[in-house]
Amino acid sequence: MATTLFKDFQFEAAHHLPNVPEGHKCGRLHGHSFMVRIEVTGEVDAHTGWVMDFAELKARLQADLAAP
2 MATTLFKDFQ
12 FEAAHHLPNV
22 PEGHKCGRLH
32 GHSFMVRIEV
42 TGEVDAHTGW
52 VMDFAELKAR
62 LQADLAAP
């Protein structure tokens, strides 16, 4: 039987837009808050009892977020 698991991640990011008119609010460094939900669906492994190791899920998301 397929099972779906999910993990929510929250992170903050900051940036500025360099080519906007002087005084534009986005020309200054400012931040945003993000929430990402990752869902994985698969069969439960008979040996571990897991669909996926949460540590692996977190590592994959962090690698994707760090990619340019």
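Convert by adding 1 to the 1-based position in the sequence shown; the result is the number in our numbering. Beta carbons are placed, not taken as given, at the ideal position from N, Cα and C, and that holds for glycine. The model shown is predicted, which means the values in this text are computed figures rather than measured ones.
- Have a look at GLU57 and GLU23 and give me their C-alpha separation to the nearest angstrom. Each residue's Cα considered, the two are about 44 Å apart.
- Task: Determine the closest residue to HIS33 out of THR42, CYS27 and GLU13, with distance taken between C-alpha atoms.
- Result: Nearest option by C-alpha distance: GLU13.
- In terms of alpha-carbon separation, which member of VAL21, THR4, HIS17 and ILE39 lies closest to GLN11? In terms of CA proximity to GLN11, ILE39 leads the group VAL21, THR4, HIS17 and ILE39.
- Query: With a CB to CB cut of under 8 Å and the five nearest residues on each side skipped, what residues in its chain are close to THR4?
  - Reply: Result list for THR4: THR42, GLY43, GLU44, VAL45 and VAL52, in chain order.
- If you draw a straight line from the alpha carbon of HIS31 to that of LEU18, how long is it in whole angstroms? Their backbone Cα atoms lie some 10 Å apart in a straight line.
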